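Taking it in order: structure first as structure tokens, then the write-up.
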Amino acid sequence: MKKIEKEKRIIFGMTPLAAVLSLVCVTATVLAALLLFLSNVRVPFMMDDLWYSTDLRSGKSLSGIGDIFGSQVWHYKNWGGRSFTHGILQLLLMSGERSADVINTVTSLALAALMCLAARISSGSGFPAKDRTEYISEFALAFGLLISCCPNFRMSMLWQAGCANYVYSSVWIILFYIIYLRVLDKDKKDIPFVCAFIPVLGLVTGWSTESMGPSACLAAALVTYVCIRSGAPRSRKIWMIEGVVTSFIGSCFCILAPGNFVRKTGSGDDLALTLPERLLQMLKGAGDYLFPSLAILAGALIAHRIVVGKKLSTGNAVILLGAFLSYGAMIASPHYPDRSAFGTCVLIEAVSVSLISEVLREKKNAVRFVLPIMLLASSAAVMYLIVV
């Protein structure tokens with residue numbers, strides 16, 4: 148009789164309170180996703196979008212793939228090296244505003260999901276999880292952090308050019324990290340056909356942004372070195388080296404584009420900054436753009452050490468190294484705009500999700516849903532300001 152009563156108090160492996168909060172968490176996530184879509188709708192194509200919606204060679208409206216290819220050849224020679232990302236941007240602009248709004252929303256949700264996957268792999272947590280309800284709190288946590296800690300939500304995630312440059316590129320960069328982080332667990336088998344697609348993924352990762360591409364290449368090179376030293380199988384060494392080499396090539400394509408040097412002629416004042424002035428600019432940028440994500444990371448590190456009692460995992464250390472390198476790379480840039488910190492924040496937030504999830508995993512009750520709900524509420528407030 149007591150056993151039956153105990154079973155009645157459990158709903159899908161949770162206490163009634165935990166089940167209610169889980170439902171609230173799911174509902175809040177759905178509403179936040181809807182608000183994200185509405186926020187995209189409220190921000191029309193503007194600024195650079197209007198230029199990229201034309202054939203850059205002639206100024207006429209885009210009429211097909213040929214125009215996009217020709218535009219990116221011109222762009223590469225005269226304006227900048229992000230040809231792959233801006234090619235995708237022009238495809239989205241051709242698809243129309245509502246179509247782009249849907250794709251932007253889905254891509255942002257996919258990025259949050261990949262942050263969760265990177266968090267689980269970097270911490271050595273099992274995938275799939277034994278308790279599937281963990282996914283609810285983890286995804287809500289990642290989604291909440293992604294929005295509420297975004298350096299410039301409107302210009303990074305809603306402006307079409309910003310979304311293509313930062314949200315879209317972060318998707319394949321995080322995927323690149325995930326593939327390399329997996330091999331830190333020697334018992335994991337390689338992903339099928341990894342030798343076939345890693346060269347392409349490495350190339351587009353390097354050919355993404357001038358800071359995130361090279362930092363991902365260096366992080367992958369470090370993991371490759373560790374695996375080679377530990378006696379990884381020959382087949383694994385081959386594809387890992389392939390990914391590092393192609394990401395390096397992609398970074399060279401992005402940074403050494405002739406258009407970058409042409410464009411520099413219009414940045415005389417910024418280029419005239421001395422090294423101390425640039426360092427001061429970087430420190431100011433860290434305080435202005437990275438502070439929320441860094442503050443949460445600091446809290447997560449302290450809580451993880453106290454509650455879980457483990458050191459930072461190698462996977463999380465690699466991600467943080469990538470974040471540090473991507474931030475440091477901006478010292479070579481004439482200026483440090485807020486949206487350039489988006490990718491760095493994504494990496495920091497992935498580590499925070501990993502650490503916080505490990506802490507919450509120790510709590511098999513309703514507590515694990517409270518923080519994600521709070522973060523979703525704060526992200527909803529950010530988006531509400533845009534929608535209204």
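In my numbering, the protein residues as written are 148 to 535.
Note that the Cβ used here is the ideal one computed from N, Cα and C, for glycine as well.
Quick caveat, the model's predicted, so the values are computed rather than measured.
Rounded to whole angstroms, what's the CA-CA distance from residue i to residue j? Just pull it up for me.
i, j, result
"A442", "C492", "11 Å"
"L348", "W319", "7 Å"
"I396", "A311", "21 Å"
"E357", "S440", "21 Å"
"R452", "T352", "33 Å"
"S246", "N225", "29 Å"
"A166", "V177", "17 Å"
"L448", "T201", "47 Å"
"L523", "A179", "7 Å"
"V409", "L197", "22 Å"
"V136", "S295", "Outside the shown range of the chain, which is 148 to 535, sits residue 136, and nothing can be said about it."
"V500", "A404", "36 Å"
"S208", "V190", "21 Å"
"A379", "I212", "42 Å"
"I520", "F290", "10 Å"
"A528", "E424", "35 Å"
"L468", "N299", "23 Å"
"L240", "A363", "28 Å"
"S316", "S303", "12 Å"
"W354", "Y313", "12 Å"
"Y324", "C374", "15 Å"
"R515", "S169", "9 Å"
"L365", "F438", "24 Å"
"S255", "L182", "12 Å"
"Y474", "E244", "32 Å"
"W221", "M477", "25 Å"
"K458", "S377", "21 Å"
Tell me which residues share the same chain as residue i and place their Cβ nearer than 8 Å to its Cβ, disregarding the 5 neighbours each side in the sequence.
i, result
"V370", "Y327, L328, V330, L331, M387 and V465"
"S382", "D337 and C342"
"S460", "S269, S270, G271 and S501"
"V391", "G349, C364, A367, A368 and T371"
"C297", "S303, M304, F489, C492 and V529"
Classify residue i as helix, strand or coil using the three-state DSSP reduction.
i, result
"T162", "coil"
"S208", "strand"
"T280", "coil"
"A451", "Here the sequence assigns His to residue 451, which means Ala is not the residue at that position. Note: H451 maps to helix in three-state DSSP."
"W306", "coil"
"D332", "coil"
"P298", "coil"
"L459", "coil"
"G271", "coil"
"T176", "helix"
"G243", "coil"
"H233", "helix"
"A404", "coil"
"E285", "helix"
"K155", "The predicted model places K155 with a pLDDT of 43, which falls under 50 and marks its position as unreliable; any figure quoted below should be read in that light. K155 falls in the helix class under three-state DSSP."
"E509", "coil"
"P519", "helix"
"K150", "With a pLDDT of 47 at K150, under the threshold of 50, the modelled position of that residue is not reliable, and no figure is offered here."
"Y474", "helix"
"Y313", "helix"
"P439", "helix"
"Y327", "helix"
Which residues in the same chain have their Cβ closer than 6 Å to the Cβ of residue i, if we skip the five residues on either side of it in sequence?
i, result
"V517", "none"
"A470", "T491, L494 and I495"
"S218", "D202 and L203"
"K149", "In this predicted model, K149 has a pLDDT of only 44, less than 50, meaning its place in the structure is not dependable; the value taken from the coordinates is given anyway. Answer for K149: no residue qualifies."
"Q428", "Y483"
With a threshold of 7 Å on Cβ separation, who are the neighbours of residue i within its own chain once the five nearest residues in sequence on each side are excluded?
i, result
"F286", "T176, A259, A260 and C263"
"D214", "D202"
"L119", "Within the shown structure, residues of the chain are numbered from 148 to 535, placing residue 119 beyond reach of any answer."
If we define contact as Cβ-Cβ less than 8 Å, is residue i a contact residue for chain C?
i, result
"L507", "Annotation note: the requested chain C is absent from the structure, which comprises a single protein chain."
Report yes or no: do the region 430-437 and the region 369-388 share at least 3 C-beta pairs separated by less than 8 Å? no
Okay, do the region 301-318 and the region 227-246 touch, 3+ Cβ pairs below 8 Å being the bar? yes
Uninterrupted alpha helix (DSSP H) stretches inside the region 334-396 (no shorter than 4 residues): 341-353 and 359-376
4-residue-minimum alpha helix (DSSP H) runs that sit fully inside the region 178-228, ordered along the chain: 195-199 and 212-225
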